[in-house]
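Mapping to my numbering: the sequence shown position 68 is 68, numbers consecutive. Cβ atoms here follow ideal geometry from the backbone N, Cα and C, with glycine treated the same way.
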Amino acid sequence: MSVWSNPSFFEVRFKCIKCGICCVGTEMELLPEDVERIEALGYRLEDFAVADGDTLRLKNVDGHCVFYDPTTASCTIYEHRPIGCRLYPLVYDGREVYVDKTCPTWHTVSRREVERLAPYVAKFVEDSRRTRIVIRLRKGL
Ligand code: SF4
Numbered sequence: 001m002s003v004w005s006n007p008s009f010f011e012v013r014f015k016c017i018k019c020g021i022c023c024v025g026t027e028m029e030l031l032p033e034d035v036e037r038i039e040a041l042g043y044r045l046e047d048f049a050v051a052d053g054d055t056l057r058l059k060n061v062d063g064h065c066v067f068y069d070p071t072t073a074s075c076t077i078y079e080h081r082p083i084g085c086r087l088y089p090l091v092y093d094g095r096e097v098y099v100d101k102t103c104p105t106w107h108t109v110s111r112r113e114v115e116r117l118a119p120y121v122a123k124f125v126e127d128s129r130r131t132r133i134v135i136r137l138r139k140g141l
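Printed below as a string of structure tokens:
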């Protein structure tokens with residue numbers, strides 16, 4: 001079983017105010033498990049993902065994530081959202097995991113949450129570098 005098979009485990013416990021800032025101009029990477037979970041909802045890969053080398057990223061429409069609904073300021077696939085969205089505002093720059101201060105409530109992420117999830121943030125970034133290849137292999141393309 002994949003380490004990513006329980007998406008809710010990767011949700012950062014903090015005071016997200018659902019402002020939607022992180023849904024604007026998204027560059028969020030997708031894992032193979034994210035692609036499969038979202039495809040199971042009936043979306044086609046090209047509906048929600050764009051290729052960036054061997055990485056797949058969430059697609060933007062009108063400057064925001066394709067799944068963000070500006071009229072309700074909410075994510076239309078919230079229960080099925082990607083692992084990277086659940087791990088945010090934790091990010092990894094290739095050297096260290098830190099809390100992204102672009103998020104207005106970044107300061108409500110506890111040191112304990114950073115420590116709990118830091119190993120997975122780094123693994124997420126590593127694994128998402130191969131998503132396109134893994135998806136192609138799984139589909140037998
Ligand atoms: S920017 Fe932060 S507070 Fe705003 S929706 Fe994203 S995670 Fe929540």
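**Message:** Below 7 angstroms, is the gap between the Cβ of residue 105 and the nearest heavy atom of ligand 1?
**Reply:** For ligand 1, a non-hydrogen atom lies closer than 7 angstroms to the CB of residue 105.
**Asked** Should residue 198 be listed as close to ligand 1, given that the test is whether its C-beta is under 7 angstroms from any heavy atom?
**Response** Absent from the structure is residue 198, since the part of the chain shown begins at 1 and ends at 141.
**Prompt:** Expressed to the nearest angstrom, what Euclidean distance is found between the alpha-carbon atoms of residue 90 and residue 105?
**Reply:** 12 angstroms
**Asked** Among residues of its own chain, excluding the 5 on either side of residue 174, which ones have a beta-carbon nearer than 8 angstroms to its beta-carbon?
**Response** Residue 174 is absent from the structure shown; the chain starts at 1 and stops at 141.
**Asked** In chain order, which continuous runs of the alpha helix (DSSP H) of length 4 or greater are located wholly inside the segment 28-69?
**Response** Entirely contained in the segment 28-69, the alpha helix (DSSP H) runs reaching 4 residues are, in chain order, 32-39, 45-48.
**Asked** alpha helix (DSSP H) containing residue 120: first to last residue?
**Response** 111-128
**Where residue 78 sits in the DSSP three-state scheme** = Here DSSP, grouped into helix, strand and coil, assigns residue 78 to helix.
**For residue 152, the residue or residues it bridges with in DSSP** = Lying before the first or after the last residue shown, residue 152 is absent from the chain, which here runs from 1 to 141.
**Message:** Given the structure, does residue 154 come close to ligand 1, in the sense that its CB is under 7 angstroms from one of the ligand's heavy atoms?
**Reply:** Given a span of 1 to 141 for the chain in the structure shown, any question on residue 154 remains unanswerable.
**Asked** Do you know offhand how far residue 76's Cα is from residue 130's?
**Response** Roughly 26 angstroms between the two C-alpha positions.
**Beta-carbon spacing of residue 22, residue 88 below 8 angstroms** = yes
**Asked** Would the beta-carbon of residue 46 fall within 8 angstroms of that of residue 4?
**Response** Result no, Cβ atoms of residue 46 and residue 4 do not sit closer than 8 angstroms.
**Prompt:** Quick one: Cα of residue 72 to Cα of residue 120, how far?
**Reply:** 31 angstroms
**Message:** Below 7 angstroms, is the gap between the Cβ of residue 88 and the nearest heavy atom of ligand 1?
**Reply:** yes
**Asked** Would you say residue 86 and residue 11 are within 8 angstroms of each other, going by their C-beta atoms?
**Response** yes
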